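Read through the structure below, which is laid out as structure tokens, and then see the notes.
Residue numbers (my numbering): 37 to 601.
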């Protein structure tokens with residue numbers, strides 16, 4: 037799973053412990069589709085073997101694959117391995133006789149010497165990249181210069197017609213540097229479900245804030261960030277922001293600001309004070325309905341340079357054509373990439389990414405084998421997609437969603453697999469964003485058949501829904517689901533199990549220690565995960581309906597428009 041989107045997007049640490057051990061059970065949704073028992077399905081399930089999953093993980097997470105970073109020799113090995121498996125089980129290539137879909141990327145390295153020079157009626161200040169700002173060019177433009185730009189405070193930077201909320205109104209922000217708060221306005225006592233209650237909504241994402249500001253002509257967006265927000269220290273963000281970042285050469289965004297990134301809360305307070313404003317008062321005003329963006333009476337200049345280099349990576353996509361409705365597609369996704377090698381480290385320098393996400397990739401390969409054994413074959417086509425550059429900001433999935441091999445209109449749904457836990461059998465699954473789409477009914481029924489219950493994410497404010505490869509499909513309107521197996525929250529997990537999760541989060545997640553260990557890994561729960569994903573997809577492939585987002589969801593109108601309903 038992506039721990040952070042690119043430099044200019046919001047950052048938070050995804051708590052695996054919370055997701056798997058502290059969930060609360062969700063109320064039941066609509067009637068779950070029944071799975072028709074068949075010997076053919078049983079035979080397909082029987083192909084899902086712990087030893088096969090372990091073998092795939094051991095190979096993909098070996099030092100020979102060098103951390104599977106896009107555009108490296110590790111990618112070549114990974115793409116070759118996945119493609120060979122797809123061919124062996126009988127999947128068809130999807131891109132000009134190949135399984136590999138090219139994903140043009142740009143490597144962008146920001147200039148850490150940049151400063152923002154600001155002045156107002158109360159004085160002047162210099163904000164420094166790294167100490168006060170973490171800003172970059174979403175287009176990897178080699179040099180961006182803003183001279184004496186007006187600084188505007190735009191609340192949360194949200195434009196949400198369905199909630200009657202518009203932080204901009206008719207305020208002119210053309211050419212301005214817009215400062216916004218993180219997240220969304222959230223609920224109120226009168227509207228407890230406004231902006232999806234406690235959950236981070238689409239409108240709270242940096243992606244929306246950037247598009248909303250840029251569509252109104254803003255030149256830059258600076259999102260306020262408190263030190264330690266989401267469990268991540270500002271200094272940790274600063275260290276990561278200095279490294280080269282992969283960007284899509286064409287991300288399909290109609291509007292993006294010239295610069296976007298984070299501003300430290302103390303720096304934002306200093307900036308506001310130059311115009312005679314108190315940050316606390318601005319925050320309070322932004323929480324009220326009817327708030328409109330306002331000038332801070334401050335002007336600022338910055339030159340941001342970016343070292344840019346072209347790069348190329350690949351999604352790996354195979355298809356099993358449907359027997360009756362081959363032009364309708366059930367899609368499975370799992371990202372194959374990890375974060376590569378860090379030569380500057382002492383000791384182990386290879387970030388092997390065994391849990392994240394050799395497990396999900398192994399699940400994808402096992403699913404391809406299971407479907408090849410399924411009789412009768414699926415009525416709808418099944419697409420198996422190993423995406424690239426998820427760790428860089430869901431780039432492979434974003435590229436596919438912008439340049440689909442198979443029409444999104446005819447895509448029934450997307451089932452995403454990311455970071456499956458080798459800690460033994462589980463009786464529960466957490467669905468990130470539970471309550472969003474009708475896909476949940478299919479997965480809930482499948483989980484029940486495997487002896488599992490389904491629960492909601494206990495920490496929706498962290499925004500996990502927006503941080504894995506299902507999301508680029510979701511934001512374009514395609515129902516997509518992301519579920520993770522874990523212990524039943526109704527029964528306290530054993531201290532040993534808690535320690536395994538804590539050990540993973542604190543010492544292995546995105547560290548060289550995320551390695552396969554045959555002596556300690558128990559694949560039973562991952563076998564269960566894959567069976568749930570198989571049963572979910574088979575039910576979708578045997579149905580003739582197209583699931584939708586639930587009534588009132590922000591993406592339902594997009595699906596309706598896509599499907600012409």
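Ideal placement from N, C-alpha and C gives every residue a C-beta, glycine not left out.
All values reported here derive from a predicted model rather than from experimental measurement.
Burial state of residue i (16 or more Cβ within 10 Å)
i	result
residue 72	Per-residue confidence for residue 72 stands at a pLDDT of 49, beneath the threshold of 50, marking its modelled position as unreliable; no derived number is given.
residue 395	buried
residue 325	exposed
residue 123	exposed
residue 92	buried
residue 226	exposed
residue 599	exposed
residue 181	exposed
residue 601	exposed
residue 229	exposed
residue 584	buried
residue 542	exposed
residue 538	exposed
residue 596	exposed
residue 57	Unreliable placement is indicated for residue 57, whose pLDDT of 42 sits below 50; the coordinate value is still reported in the next sentence. That one is buried.
residue 403	buried
residue 179	exposed
residue 198	exposed
residue 126	exposed
Candidates the options, of which the one nearest residue i by Cα
i	options	result
residue 213	92, 483 and 193	193
residue 270	162, 296, 182 and 300	300
residue 295	321, 264, 242 and 334	242
residue 520	561, 153, 556 and 90	561
residue 372	495, 177 and 119	119
residue 87	555, 582, 512 and 569	555
residue 449	474, 459 and 425	474
residue 438	284, 240, 75 and 176	284
residue 380	279, 411, 366 and 287	279
residue 401	117, 559, 130 and 362	117
residue 142	343, 426 and 501	343
residue 589	440, 420, 511 and 287	511
residue 77	290, 591, 412 and 594	412
residue 172	95, 428, 196 and 281	281
residue 128	420, 191, 288 and 100	420
residue 516	535, 476, 550 and 499	476
residue 219	99, 496, 579 and 592	496
residue 187	535, 306 and 290	306
residue 534	240, 459, 499 and 385	459
Check whether residue i and residue j have beta carbons under 8 Å apart
i	j	result
residue 491	residue 525	yes
residue 216	residue 257	yes
residue 414	residue 359	yes
residue 308	residue 318	yes
residue 338	residue 162	no
residue 393	residue 454	yes
residue 335	residue 168	no
residue 139	residue 576	no
residue 418	residue 355	yes
residue 433	residue 447	no
residue 203	residue 369	no
residue 602	residue 406	Within the shown structure, residues of the chain are numbered from 37 to 601, placing residue 602 beyond reach of any answer.
residue 416	residue 367	no
residue 210	residue 246	no
residue 456	residue 528	no
residue 514	residue 102	no
residue 313	residue 332	yes
residue 464	residue 489	yes
residue 391	residue 565	no
residue 106	residue 349	yes
Residue interval of the alpha helix (DSSP H) (run including residue i)
i	result
residue 276	270–277
residue 562	560–578
residue 92	86–96
residue 113	109–124
residue 283	Per DSSP, residue 283 belongs to no alpha helix (DSSP H); it is in the beta strand (DSSP E), 281–284.
residue 75	75–82
residue 498	No alpha helix (DSSP H) contains residue 498, which DSSP labels as neither H nor E.
residue 478	475–485
Cβ-heavy atom distance, residue i to the ligand NAP, below 7 Å
i	result
residue 421	Because no ligand of any kind appears in the structure shown, any question about the ligand NAP cannot be addressed here.
Residue range of the unbroken beta strand (DSSP E) whose run includes residue i
i	result
residue 489	489–492
residue 300	295–300
- Message: Just to confirm the assignment: which complete alpha helix (DSSP H) runs, minimum length 4, are found wholly within the segment 311–396?
- Response: List check, alpha helix (DSSP H) in window: 315–322.
- Message: Going residue by residue through the segment 130–217, where are the continuous beta strand (DSSP E) segments of at least 3 residues, counting only ones entirely within it?
- Response: At a cut-off of 3 residues, the continuous stretches assigned as beta strand (DSSP E) that sit fully inside the segment 130–217 are 136–146, 151–156, 159–164, 169–172, 179–189 and 213–216.
- Item | In chain order, each beta strand (DSSP E) run of at least 3 residues that lies wholly inside the segment 220–266 | Whole beta strand (DSSP E) segments, 3+ residues: 256–261.
- Item | Complete runs of the beta strand (DSSP E) confined to the segment 390–470 [at least 3 residues] | Listed in chain order, they are 416–423, 447–452 and 464–467.
- 4 or more residues per run - each alpha helix (DSSP H) lying fully within the segment 503–538: Fully enclosed alpha helix (DSSP H) runs of 4 or longer: 507–510.
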